[in-house]
């Protein structure tokens with residue numbers, strides 16, 4: 406099942422999949438708080454998000470469970486070993502400009518639930534999807550949408566000023582992304598015009 410890893414004679418370790426399953430059982434069975442907290446701390450360590458709060462990671466786990474339920478998948482079969490891939494159960498098939506609202510609507514939860522886990526979701530998106538590094542050092546994941554993919558939505562970003570977030574609320578970052586997109590379309594027009 407992959408819940409526990411044998412390290413050697415009489416030595417075992419809980420895998421991220423095992424920690425996620427313990428957290429899922431703790432949430433769904435209303436186990437004692439310390440069980441959930443221990444599972445969340447283990448996930449933070451394994452996923453490399455130790456700098457985020459326990460509450461944020463717990464909110465992410467709760468959203469992942471809702472996403473799994475929505476897909477009809479049990480928590481036991483969920484591969485939590487690859488942090489970036491875990492975000493797939495949260496994401497809608499299409500995005501508009503408001504990423505928080507799109508995820509909330511897709512999972513049928515209030516936007517506040519998504520905001521509680523926003524930094525964890527953003528980090529998972531940045532880990533899973535290819536990102537663009539802006540000239541100022543910030544990173545952003547852009548997703549084309551609209552007819553013929555002519556509009557771009559910033560799904561998640563890591564801004565030097567604001568940190569991890571869904572979308573891109575930094576004015577400087579948005580200006581840089583807009584400039585990059587204009588340059589791409591200008592190159593395309595020159596290529597099309599010369600053919």
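Residue numbers (my numbering): 406 to 600.
Idealized CB from N, CA, C, for every residue including glycine.
Q.
I'd like to check one pair, residue 433 with residue 498: are the Cβ atoms closer than 9 Å?
A. Within the chain shown, the letter at position 93 stands for residue 498. Within the chain shown, the letter at position 28 stands for residue 433. No, the Cβ-Cβ distance between residue 498 and residue 433 is not below 9 Å.
Q | As assigned by DSSP and simplified to three states, the class of residue 469 | A | Numbered from its first residue, the chain shown carries residue 469 at position 64. Three-state DSSP puts residue 469 in a helix.
(Q) What does the alpha-carbon distance come out to for the pair residue 511 and residue 413? (A) Reading the chain shown from its first residue, position 106 is the one you call residue 511. Reading the chain shown from its first residue, position 8 is the one you call residue 413. So the alpha carbons of these two residues sit roughly 43 Å apart.
Q) If we ignore side chains and look at the alpha-carbon of each, how far apart do residue 459 and residue 473 end up? A) Residue mapping note: residue 459 aligns to position 54 of the chain shown, counting from 1. Residue mapping note: residue 473 aligns to position 68 of the chain shown, counting from 1. One C-alpha to the other measures close to 21 Å.
**Q.** Distance between beta carbons of residue 445 and residue 525, contact taken as under 8 Å
**A.** Walking along the chain shown from the start, residue 525 turns up at place 120. Walking along the chain shown from the start, residue 445 turns up at place 40. Not quite, the Cβ-Cβ distance comes to about 11 Å (not below 8 Å), so this is no contact.
Q.
Taking the alpha helix (DSSP H) that residue 429 belongs to, which residues open and close that run?
A. Along the chain shown, read from residue 1 onward, the residue named residue 429 stands at position 24. 421-433 is the span of the alpha helix (DSSP H), which, as asked, contains residue 429.
**Q.** Separation of residue 532 from residue 419, as counted between CA atoms
**A.** Taking the first residue of the chain shown as position 1, residue 419 is located at position 14. Taking the first residue of the chain shown as position 1, residue 532 is located at position 127. Each residue's alpha carbon lies about 23 Å from the other.
(Q) Please classify residue 566 as buried or exposed, where buried requires at least 16 other C-beta atoms within 10 Å of its C-beta. (A) As a first step, residue 566 must be located in the chain shown, where it is residue number 161. Exposed.
Q: Could you work out which residue in 478, 529, 441, 564 is closest to residue 491 when comparing CA atoms only?
A: Residue 491 sits at position 86 when you count from the first residue of the chain shown. Its Cα nearest to that of residue 491, the residue 529 stands out among 478, 529, 441, 564.
Q) Taking Cβ positions, are residue 537 and residue 561 nearer each other than 9 Å? A) Here residue 537 corresponds to residue number 132 of the chain shown, with the count starting at 1. Here residue 561 corresponds to residue number 156 of the chain shown, with the count starting at 1. Cβ distance not < 9 Å, so residue 537 and residue 561 don't count as in contact.
Q: Give me whichever residues DSSP pairs with residue 550 in a beta bridge.
A: For the purposes of this step, residue 550 is taken as the residue at position 145 of the chain shown. Paired residue(s): 556.
**Q.** Identified DSSP bridge partners for residue 570
**A.** Here residue 570 refers to the residue found at position 165 when the chain shown is read from its first residue. Answer is 562.
Q: Might you give, ordered along the chain, the residues of its own chain that have their beta carbon closer than 6 Å to the beta carbon of residue 496, omitting 5 neighbours on each side?
A: The residue given as residue 496 occupies position 91 in the chain shown. Same-chain partners within the cutoff: there are none.
Q: Mark residue 484 as exposed unless 16 or more other C-beta atoms lie within 10 angstroms of its C-beta, in which case mark it buried.
A: Counting from 1 along the chain shown, the entry for residue 484 is found at position 79. The residue is exposed, with fewer than 16 neighbouring Cβ atoms inside 10 Å.
Q. Between residue 453 and the rest of its own chain, which residues show a CB-CB distance below 8 Å, the 5 nearest in sequence each way excluded?
A. In the chain shown, residue 453 corresponds to position 48, counting from 1. Answer for residue 453: 488, listed in chain order.
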